[in-house]
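Enquirer:
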Amino acid sequence: MQERAKNNPKITWSLNCTPVEVVAGEKGVTGLKVRNNETGQEEVLETDGIFVAIGHRPNTAFLEGQLETDDVGYIIVKPGTAETNIPGVFACGDVQDHKYRQAITAAGSGCMAALDCERYLEGQAVHDWSKTL
Ligand SMILES: Cc1cc2nc3c(=O)[nH]c(=O)nc-3n(C[C@H](O)[C@H](O)[C@H](O)COP(=O)(O)OP(=O)(O)OC[C@H]3O[C@@H](n4cnc5c(N)ncnc54)[C@H](O)[C@@H]3O)c2cc1C
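Going by my numbering, 172 is the number at position 120 of the sequence shown; the sequence numbering is gapless.
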């Protein structure tokens, strides 16, 4: 992705900078103030639009290795299902999708997980909660 972006003449780079303020005019965004992390110097990059990207590292650290993940942290599911390496635990959405990561694919895989979960529960022995309560 970086190579593609770097080869695009319409894209300029401001590396090692922290965004500190969205500069707005009467009709909307006019720029983004950034601070250089090394020099502390601030400058305003002129732009009439901002798109936030949050990176590609899935937020799975809380699993602490309990579920099988790939090197980056995406949960590994059995292909064509939402099944993880632990029976009865299912994964869906961006957290298990390193390729598409779109709202519609996340929603679709959520449906898969719900159906997989329902079938898993149907396959379990019925628990009589009246004896538990
Ligand atoms: C800037 C941007 C633009 C995008 N534009 C598009 C677009 O135009 N079209 C499109 O189809 N997709 C777009 N996407 C992708 C889309 O937003 C995702 O694919 C989709 O939201 C994934 O849904 P999800 O439910 O898997 O994960 P998320 O929407 O990320 O939901 C995960 C939820 O889990 C919560 N969570 C995280 N950790 C924990 C925890 N430990 N305990 C409890 N809760 C936790 C989070 O707070 C969050 O609410 C965009 C994404 C970004 C960042």
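No residue lacks a Cβ here, since even glycine has one placed at the ideal position from N, Cα and C.
Since this is a predicted model, take the numbers as computed values, not measurements.
Where DSSP assigns a beta bridge to G83, which residues make up the other side?
Expert: The count along the sequence shown starts at 1 and reaches residue 83 at position 31. Note: G83 sits in a beta bridge opposite V75 and E98.
Enquirer: When DSSP labels each residue in this structure, what does I63 get in the three-state scheme?
Expert: Stepping through the sequence shown from its first residue, residue 63 is reached at position 11. I63 falls in the coil class under three-state DSSP.
Enquirer: Using only CA atoms, which one of C169, N137 and D100 lies nearest to E78?
Expert: Here residue 78 refers to the residue found at position 26 of the sequence shown. The shortest Cα separation from E78 among C169, N137 and D100 belongs to D100.
Enquirer: Taking 7 Å as the line, does the beta carbon of D168 fall inside it for any heavy atom of ligand 1?
Expert: Locating residue 168 in the sequence shown gives position 116, where the first residue counts as 1. Because no heavy atom of ligand 1 lies under 7 Å away, the Cβ of D168 does not count as near it: no.
Enquirer: Would the beta-carbon of V129 be found less than 7 Å away from any heavy atom of ligand 1?
Expert: Translated into positions along the sequence shown, residue 129 becomes position 77. V129 Cβ: outside cutoff for every heavy atom of ligand 1.
Enquirer: Taking the Cβ atom as the reference point for each residue, do P110 and D146 lie within a distance shorter than 8 Å?
Expert: If you number the sequence shown from 1, residue 110 lands on position 58. If you number the sequence shown from 1, residue 146 lands on position 94. Yes, Cβ-Cβ distance for P110 and D146 is below 8 Å.
Enquirer: Would you say T133 and E120 are within 8 Å of each other, going by their C-beta atoms?
Expert: If you number the sequence shown from 1, residue 133 lands on position 81. If you number the sequence shown from 1, residue 120 lands on position 68. Against a cut-off of 8 Å, the Cβ pair of E120 and T133 comes out as no contact.
Enquirer: Indicate, with yes or no, if ligand 1 has a heavy atom lying under 7 Å from the CB of R109.
Expert: Looking up residue 109 in the sequence shown gives position 57. Checking the Cβ of R109 against ligand 1 gives no.
Enquirer: Entirely within the region 125-158 and at least 4 residues each: give me those alpha helix (DSSP H) ranges in chain order.
Expert: Within the region 125-158, no complete alpha helix (DSSP H) run reaches 4 residues.
Enquirer: Is it the case that the Cβ atoms of Q148 and Y126 are separated by a distance below 8 Å?
Expert: Numbered from its first residue, the sequence shown carries residue 148 at position 96. Numbered from its first residue, the sequence shown carries residue 126 at position 74. Yes; because the gap between Cβ atoms is below 8 Å, this pair is in contact.
Enquirer: In angstroms, rounded to a whole number, what distance separates the CA positions of V86 and V104?
Expert: For the purposes of this step, residue 86 is taken as residue 34 along the sequence shown, with counting starting at 1. For the purposes of this step, residue 104 is taken as residue 52 along the sequence shown, with counting starting at 1. Approximately 14 Å, taken between the alpha carbons.
Enquirer: V72: which of G80, E95 and V81 sits nearest, CA to CA?
Expert: Sequence index remark: in the sequence shown, residue 72 carries index 20 (1-based). Nearest of G80, E95 and V81 to V72, Cα basis: E95.
Enquirer: Ligand 1 and Q118: does the residue's C-beta get closer than 7 Å to at least one heavy atom of that ligand?
Expert: The residue you call residue 118 lines up with position 66 of the sequence shown. Answer for Q118: no, Cβ out of range of ligand 1.
Enquirer: Hey, would you say the C-beta of G145 is under 7 Å away from at least one heavy atom of ligand 1?
Expert: Working through the sequence shown from its first residue, we reach residue 145 at position 93. G145: yes, Cβ under 7 Å from ligand 1.
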